[in-house]
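Protein chains: 2
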Amino acid sequence: MVVMRQARHPDPGEMTLIEVMGALSDPIRVGLVRVLADGRERGWGELRAPVAKSTLSHHLRVLRDAGITRTRQEGTRCFVELRRDDLNTRFPGLLNAVLSAASSDAVGAQVGLADGPSTA
Amino acid sequence: MVVMRQARHPDPGEMTLIEVMGALSDPIRVGLVRVLADGRERGWGELRAPVAKSTLSHHLRVLRDAGITRTRQEGTRCFVELRRDDLNTRFPGLLNAVLSAASSDAVGAQVGLADGPSTA
DNA sequence: TTCGATGTTCGTGGAATGTCGAACAAGTTA
DNA sequence: TAACTTGTTCGACATTCCACGAACATCGAA
Chain A
7 MVVMRQARHP DPGEMTLIEV MGALSDPIRV GLVRVLADGR ERGWGELRAP VAKSTLSHHL
67 RVLRDAGITR TRQEGTRCFV ELRRDDLNTR FPGLLNAVLS AASSDAVGAQ VGLADGPSTA
Chain B
7 MVVMRQARHP DPGEMTLIEV MGALSDPIRV GLVRVLADGR ERGWGELRAP VAKSTLSHHL
67 RVLRDAGITR TRQEGTRCFV ELRRDDLNTR FPGLLNAVLS AASSDAVGAQ VGLADGPSTA
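So the sequence lines, in the order shown, correspond to chains A and B.
Numbered per our numbering, the first sequence spans residues 7 to 126.
Numbered per our numbering, the second sequence spans residues 7 to 126.
Rendered as structure tokens:
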């Protein structure tokens, strides 16, 4: 459903290192994080990943449950953004380290944005 | 066997972010890394973890295969140490971020060293 | 050579994970 | 109201992962 009205977003204090590390040990999810790394909020539909819709939904949920992203609902559409500040507060340096490692490795390069910048 | 003559230790260039992240998404393994964080080489026997010997061997292999630790064999005994420099070269900031997050969270606190510092 | 110590490997469960397609739900639009 | 759009949820499945005990291999000591 486009529902999940208020998917649970853990407070920074509730985030666990193990869960965050687990969430970031999948190429698709790292790719999603990379796409969101510019800080802009993105609509589900903009995200391009080589997996089925349900699978993408699953990955986005894993990221959200770990506290890595925040999901907002607007009408029928959902938007995601990186919880950069919260992450930096809770686990200083971790996100940046992962992001720079990922970009030097092209991890998650299979994930991208839709052609038409029908974005934000 | 105390053998594993030359356990494969990946070169820094062969390490992958995904594998490293996966290796560090288990409490036991993070605990082991924390124990090794002081840079000292430790003997298998010194390591205390709430798992069977074979399971500990498994975790140490996952860490080694990911390039996080280095294993050395001396006679019948094996020694492990953190590949801090290699890790920092390959994934700058990652190890430190994980270590500081782990210590603030007490992740892997169940892992420790043997009582008698019969150590190195 | 015969033990004992130290780790690895094997076989086996049980749990978690990734992926898919199909079914469903809620909001939009015609 | 009847479609259509957008995501979520539900099995189903294959794979991977963690954990254990048992068996095995190697080194060192008796």
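Quick reminder that beta carbons are idealized off the backbone N, C-alpha and C, glycines included.
Check: Output needed in chain order: residues of the region 56 to 87 of chain A with a Cβ under 8 Å from some Cβ in chain B.; Outcome: none
Check: Is residue 99 (chain A) close to chain B? Criterion is C-beta to C-beta, closer than 9 Å.; Outcome: yes
Check: Are the beta-carbon atoms belonging to residue 137 (chain B) and residue 105 (chain B) less than 9 Å from one another?; Outcome: In the structure displayed, chain B extends from 7 to 126; residue 137 (chain B) sits before or after that span and is not available.
Check: Distance check for residue 23 (chain B) and residue 36 (chain A), CA to CA, integer angstroms please.; Outcome: 10 Å
Check: Determine, using beta carbons only, whether residue 96 (chain B) comes closer than 9 Å to chain A.; Outcome: yes
Check: For chain A, find out if any of its Cβ atoms is closer than 9 Å to the Cβ of residue 38 (chain B); answer yes or no.; Outcome: no
Check: So residue 24 (chain A) contacts chain B; which residues on that side make the cut at Cβ distance below 8 Å?; Outcome: 31, 32, 33, 36, 113
Check: Might you give, ordered along the chain, the residues of its own chain that have their beta carbon closer than 7 Å to the beta carbon of residue 94 (chain A), omitting 5 neighbours on each side?; Outcome: 101
Check: I'd like to confirm the pairing. Which residues does DSSP put opposite residue 118 (chain B) in its beta bridges?; Outcome: B:54
Check: In whole angstroms, what separates the C-alpha of residue 82 (chain A) from that of residue 118 (chain B)?; Outcome: 51 Å
Check: Among A:65, A:96, A:112, A:103, which residue has its Cα nearest to the Cα of residue 108 (chain B)?; Outcome: A:96
Check: For the pair the region 26 to 33 of chain A and the region 29 to 46 of chain B, tell me if three or more CB-CB distances fall below 8 Å.; Outcome: yes
Check: Against chain A, does residue 127 (chain B) count as a neighbour if the rule is that its beta carbon must be under 9 Å from one of theirs?; Outcome: Outside the displayed span of chain B (7 to 126) sits residue 127 (chain B), for which this structure offers no information.
Check: CB-CB under 6 Å to residue 21 (chain A), same chain, minus the five flanking residues each way: which ones, in chain order?; Outcome: 73, 96
Check: Which chain A residues sit within Cβ distance under 7 Å of residue 28 (chain B)?; Outcome: 31
Check: Would you mind reading off the limits of the beta strand (DSSP E) that contains residue 88 (chain B)?; Outcome: 83 to 88
Check: Could you tell me whether the Cβ of residue 13 (chain A) comes closer than 9 Å to any Cβ of chain B?; Outcome: no
Check: Roughly how far, in whole angstroms, is the beta-carbon of residue 75 (chain A) from the beta-carbon of residue 42 (chain A), given that I think they are within contact range, below 8 Å?; Outcome: 7 Å
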